[in-house]
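Asker:
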Amino acid sequence: MSGTIHKDGIPERIGSGARDVCDWLQFTALGQLFCLAVFFYGLFALIILTEPGRKIAEYLIELVVMIGCNLFGAPYPY
381 MSGTIHKDGI PERIGSGARD VCDWLQFTAL GQLFCLAVFF YGLFALIILT EPGRKIAEYL
441 IELVVMIGCN LFGAPYPY
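Count along the sequence shown from 1, then add 380; that gives the number in this note's numbering.
1. Check this for me: beta carbons of residue 445 and residue 457, under 8 Å apart or not?
2. Helix, strand or coil for residue 457 per DSSP?
3. For a minimum of 4 consecutive residues, which ranges assigned as the alpha helix (DSSP H) are wholly contained in the segment 401 to 453?
4. Mind checking whether residue 405 and residue 411 have CB atoms under 8 Å apart?
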């Protein structure tokens, strides 16, 4: 990938390293897994480290518990 020949036959050197990284991230399974991990790590950090994120997470957990209790006939714990 590095030193790719462009259409006019001139080697493409400027920015080819960044292009190699982008190609690796986009076209390999490991690169896609890395992007997915970074995305979910960032999402988790936003949920845990911000007050609105914590409120949303608390609401979703309470909603799941309420639905589960209604589904299985258990008493609602809150």
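Every residue, glycine too, gets a C-beta built ideally from N, C-alpha and C.
Answerer: So, to answer that:
1. For the purposes of this step, residue 445 is taken as residue 65 along the sequence shown, with counting starting at 1. For the purposes of this step, residue 457 is taken as residue 77 along the sequence shown, with counting starting at 1. Yes, the pair counts as a contact, with Cβ atoms nearer than the cut-off.
2. Mapped onto the sequence shown, residue 457 falls at position 77. Looking at residue 457 - three-state DSSP - the assignment turns out to be coil, as it is neither helix nor strand.
3. 409 to 429 and 431 to 452
4. Within the sequence shown, numbered from 1, the residue matching residue 405 stands at position 25. Within the sequence shown, numbered from 1, the residue matching residue 411 stands at position 31. In contact: residue 405 and residue 411 (Cβ atoms closer than 8 Å).
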